[in-house]
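Quick note: the sequence shown uses our numbering, first residue 346, plus one each step. Even for Gly, the Cβ is constructed at its ideal location relative to N, Cα and C. The structure displayed is predicted, hence computed values, not measured ones. What follows is a single structure, written as structure tokens, with notes after it.
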Amino acid sequence: MADLEDLKARLEAIGEDLADAAMEALREALESGERGRPDAERRLTQARRAVERAVHALDAISSVGGRPQER
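In structure tokens form, the structure reads like this:
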């Protein structure tokens, strides 16, 4: 399962990068005087959440010895 752990670590790093980009979008919007939540931040946050769901899915696989859990 080392490959899955590697993939999980890469996804976690991507999630952090997306969070940083979302914060930057918010910062830029504030500096330019925009009101409300910028569309770019909303989409970046949506992407970060999708990546977090992928990380949780890999955790579920790892926790059962490499086999996906039955639902």
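- Would you mind reading off the limits of the alpha helix (DSSP H) that contains ARG388? 384 to 408
Review point. Cα separation between ARG398 and ALA405?
Key: 11 Å
Near GLN414, what residues of its chain come up, given a Cβ to Cβ distance below 7 Å and the 5 sequence neighbours on each side ignored?
Per-residue confidence for GLN414 stands at a pLDDT of 47, beneath the threshold of 50, marking its modelled position as unreliable; the derived number appears in the next sentence. For GLN414, where only same-chain residues beyond five positions count, the Cβ hits under 7 Å are ALA405.
Checklist entry - Are the beta-carbon atoms of PRO383 and ALA395 separated by less than 8 Å? => result no
Can you tell me the Cβ-Cβ gap for LYS353 and VAL409, rounded? I've got them flagged as a contact below 8 Å.
Rounded, the Cβ-Cβ distance is 15 Å, inconsistent with contact.
Worksheet item: Per DSSP, what kind of secondary structure is GLY381 in: helix, strand or coil?
Response: coil
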